[in-house]
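Numbering (our numbering), first residue to last: 330 to 972.
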């Protein structure tokens with residue numbers, strides 16, 4: 330009886346102890362107790378890697394076994410793809426072959442180790458993976474290098490010990506080597522490791538000196554003298570590049586397709602009719618107003634100067650008075666003794682400005698009035714000339730934009746490792762860059778005007794400081810692209826933007842009648858550019874000469890030759906540009922300018938800027954090798970977890 334009681338107590342004690350041990354194991358954290366990697370560098374550049382991973386499982390994440398992720402694509406120094414070969418040799422658990430399966434992801438593979446139908450008991454397990462990988466060696470001019478991420482920075486478990494044994498090619502130690510290592514989270518360059526060289530086995534051992542938390546890792550770097558590892562030939566490297574970078578090939582094929590699309594579209598609809606021989610004309614052709622001439626020559630591109638020459642011509646004809654006071658321009662309704670007939674487009678802008686008021690100050694506070702007048706003025710010019718004198722061929726330009734965006738989006742989806750940030754930056758910069766180019770062009774034009782009118786320096790400085798944040802945004806976007814996408818893809822992308830901008834302009838084409846009108850306008854411009862005293866039908870009266878000058882002045886402004894026209898006329902009227910120059914005081918303007926040349930140089934740039942400012946809204950935008958290394962860099966790496 331006593332023996333039975335002792336036996337019963339012994340069984341009870343064993344059960345209680347076993348249950349307690351089970352409970353202790355269950356509540357102990359899952360972790361990697363040791364991660365030991367042996368890396369053998371072969372002379373052909375192949376790496377033979379054996380990973381011994383000892384883990385503790387409590388059944389939370391490690392239920393059936395572990396999984397190991399291994400990257401198949403990494404980026405070179407110019408962000409081009411480099412694909413590595415990977416082959417599993419065997420997988421073991423606790424010294425016996427273990428079942429595994431491989432699941433291929435976009436740019437890495439995941440190796441599931443274990444049987445989906447068998448659940449592990451809590452406890453310690455030793456896994457061993459052996460695999461081969463190629464194209465992990467980096468070849469430089471001075472040395473060859475293995476830059477190896479030992480355990481990867483994406484394990485969800487902490488790791489108590491990490492060790493890496495790098496077995497070098499025969500003779501490497503005798504010829505000299507360099508080595509280094511980095512620890513910590515991805516991008517960190519901690520030094521919590523030590524290394525020692527075993528000259529007998531020709532290996533370098535790297536061993537961590539602390540516990541690593543989840544997502545921390547060890548990366549090692551070993552430099553070897555050239556010649557010990559077979560380097561691929563230039564032909565092989567080029568073939569590798571073509572195989573690895575199908576996205577680069579696609580984007581350049583897309584660039585070529587875009588160019589051919591634009592080129593053949595230009596041949597079809599964008600090529601200008603032949604230019605005829607230009608004959609000087611002494612009168613404005615076809616009874617065209619200055620605004621109409623500018624609109625035709627710019628093939629429908631309406632700008633602030635199109636507005637200002639209309640207002641200037643209306644003033645010269647005697648319907649408004651332009652008063653300049655305290656650096657402000659005031660347009661006043663005026664009735665001259667003998668006003669001249671306004672053209673239809675001039676009547677529109679006049680009626681929109683003065684239907685309710687008798688004067689208007691050219692300030693941004695009057696934006697709505699000015700903008701309404703500009704819209705109506707642009708509308709009547711568009712109705713009269715678009716699709717008759719020239720064709721914008723906008724649908725072909727839109728087709729090019731669609732092709733550009735499609736190429737970038739498809740490139741993203743076929744790319745092995747393009748960051749989604751890069752796709753966003755491509756789409757964003759496609760729009761942002763066009764705006765930045767327009768801002769730079771505006772700023773350049775303003776600075777050009779400061780040569781004629783020093784009063785514009787303040788505005789030029791303001792605009793320059795205004796668009797600095799936009800340029801900063803452009804540079805930021807380019808920097809983000811450089812960090813997240815291939816340099817070659819970026820070059821093709823900006824090439825497509827340039828093609829879109831250039832062909833937007835080149836696709837515009839005059840009709841036959843439009844080309845004929847342009848030739849006649851060129852004839853008037855030729856006359857105004859080359860006018861000499863003997864060519865001008867002058868009479869002796871200076872007042873009549875001033876009227877002749879004023880008659881053509883808006884046309885010279887519209888054709889961007891006002892300074893030359895003014896200088897030519899001043900000479901022919903007997904004026905000089907010296908301090909003794911006779912004062913030129915037009916009846917349609919009151920201001921401080923003395924002399925025709927001074928008036929021309931300062932007035933037109935100031936007046937045009939005032940028109941531009943008053944017709945544009947001022948709303949503010951609401952957006953505005955051994956040389957280094959880090960943990961997580963190089964080949965290998967990845968991470969893992971339990972399943």
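Just so you know, even glycine gets a beta-carbon here, dropped at the ideal spot from N, CA and C.
In the structure shown, what three-state DSSP assignment does residue 847 receive?
The answer is helix: DSSP assigns residue 847 an H, G or I state.
CB-CB under 8 Å to residue 521, same chain, minus the five flanking residues each way: which ones, in chain order?
If we look at residue 521 and ignore the five residues flanking it on each side, its Cβ neighbours are 512, 513, 537, 538 and 539.
Could you tell me which uninterrupted alpha helix (DSSP H) segments, each at least 4 residues in length, are contained entirely in the segment 666-751, listed from first to last along the chain?
As for any alpha helix (DSSP H) of minimum length 4 sitting wholly inside the segment 666-751, the runs are 673-683, 696-714 and 723-743, ordered along the chain.
Hey, would you say residue 973 sits closer than 9 Å to residue 614, going by beta carbons?
Residue 973 is absent from the structure shown; the chain starts at 330 and stops at 972.
Using the rule of at least 16 other Cβ atoms within 10 Å of the residue's Cβ for burial, across every protein chain shown, is residue 416 buried or exposed?
When all chains shown are included, residue 416 counts as exposed.
Please report the distance separating the alpha-carbon of residue 552 from that of residue 800.
Straight-line spacing of the CA atoms in residue 552 and residue 800 works out to 42 Å.
Let me make sure I understand the geometry here. Which of 889, 894, 827 and 569 has the alpha-carbon closest to that of residue 409?
Taking only the C-alpha atoms, the option nearest residue 409 is 569.
Does residue 838 come out as helix, strand or coil in the three-state DSSP assignment?
Strand, per DSSP.
Touching or not, the segment 647-655 and the segment 589-599, by the rule of three or more beta carbon pairs under 8 Å?
Short answer: they don't touch.
With distance defined between alpha-carbon atoms, name the residue in 841, 652 and 561 nearest to residue 920.
Closest option to residue 920, Cα to Cα, is 652.
From the DSSP output, in three-state form, read off residue 449 for me.
Shown here, residue 449 sits in coil according to DSSP, grouped into three states, outside any helix or strand.
Could you pull out every residue in the same chain whose Cβ sits closer than 7 Å to the Cβ of residue 835, ignoring the five residues on either side in sequence?
Taking C-beta separations shorter than 7 Å and ignoring five residues to either side along the sequence, the partners of residue 835 in its chain run 595 and 599, following chain order.
Looking only at C-alpha atoms, which of 621, 524, 430 and 543 sits nearest to residue 486?
Closest option to residue 486, Cα to Cα, is 543.
Would you say residue 826 and residue 744 are within 9 Å of each other, going by their C-beta atoms?
Result no, Cβ atoms of residue 826 and residue 744 do not sit closer than 9 Å.
Quick one: using the 10 Å Cβ neighbour count with 16 as the cut-off for buried, is residue 723 buried or exposed?
Counting the other CB atoms within 10 Å of its CB gives residue 723 a total below 16, which places it among the exposed residues.
Backbone CA spacing between residue 710 and residue 674 [nearest angstrom]:
Going by C-alpha positions, residue 710 is about 7 Å away from residue 674.
Whole angstroms is fine: what's the gap from residue 607's alpha carbon to residue 875's?
The straight-line gap from Cα to Cα measures roughly 27 Å.
One or two residues paired with residue 889 in a DSSP bridge
Per DSSP, none; premise fails for residue 889.
Using only the alpha-carbon positions, how far apart do residue 534 and residue 805 sit?
Here the alpha carbon of residue 534 sits roughly 42 Å from the alpha carbon of residue 805.
Is it the case that the segment 456-472 contacts the segment 484-503, given that we only count it when at least three CB pairs across the two stretches are under 8 Å?
With the cut-off at 8 Å, the segment 484-503 and the segment 456-472 do not touch.
Start-to-end residues for the beta strand (DSSP E) that takes in residue 473
It spans 472-478 - the beta strand (DSSP E) in which residue 473 sits, taken as one unbroken run.
Euclidean distance between Cα positions of residue 447 and residue 380:
Roughly 23 Å separates the two Cα atoms.
Does the pairing of the segment 439-455 with the segment 388-400 give three or more beta-carbon distances under 8 Å?
The segment 439-455 is in contact with the segment 388-400.
Taking only the alpha-carbon atoms, compute the straight-line gap between residue 642 and residue 719 and give it to the nearest angstrom.
In a straight line, the C-alpha of residue 642 is about 25 Å away from that of residue 719.
Span of the beta strand (DSSP E) holding residue 618?
Membership of residue 618 in any beta strand (DSSP E) is not indicated, and neither H nor E is assigned to it by DSSP.
Inter-residue Cα distance where the pair is residue 629 and residue 838
When rounded, the distance between both Cα atoms is 10 Å.
Once DSSP output is grouped into helix, strand and coil, what is the label at residue 347?
Bear in mind that the predicted position of residue 347 carries a pLDDT of just 45, short of 50, making it unreliable; the figure below should be weighed with that in mind. Helix, per DSSP.
How would you write the range of the beta strand (DSSP E) that residue 518 sits in, first residue to last?
Looking at the DSSP string, residue 518 is not in any beta strand (DSSP E), and its letter there is neither H nor E.
Measure the C-alpha to C-alpha separation of residue 952 and residue 758 and round it to an integer number of angstroms.
Any reading at residue 952 needs caution, since the residue's pLDDT is 35, under 50, leaving its predicted position unreliable; the model's value is listed next. Between residue 952 and residue 758, the C-alpha separation is close to 14 Å.
Going by DSSP, which residues form a beta bridge with residue 553?
According to DSSP, which records beta bridges pairwise, residue 553 is partnered with 473 and 506.
Alpha-carbon spacing of residue 491 relative to residue 361, whole angstroms
C-alpha separation (whole angstroms): 9 Å.
Note down, in chain order, each residue of its chain lying with its Cβ closer than 6 Å to the Cβ of residue 383, except the 5 sequence neighbours on either side.
Excluding its 5 nearest sequence neighbours in each direction, residue 383 has C-beta neighbours in its own chain below 6 Å: 362, 363 and 455, listed in chain order.
DSSP on residue 609, reduced to helix/strand/coil?
The answer is coil: DSSP assigns residue 609 none of H, G, I, E or B.
Rank 550, 530 and 438 by C-alpha distance to the C-alpha of residue 473 and give the top, closest one.
Nearest of 550, 530 and 438 to residue 473, Cα basis: 550.
Excluding the 5 residues preceding and the 5 following residue 575 in the sequence, name in chain order all residues of the same chain whose CB lies nearer than 7 Å to its CB.
Listed in chain order, the non-local C-beta contacts of residue 575 below 7 Å within the same chain comprise 743, local neighbours out to five positions each way being set aside.
Taking DSSP as the reference, what is the three-state secondary structure of residue 916?
It is coil, neither helix nor strand.
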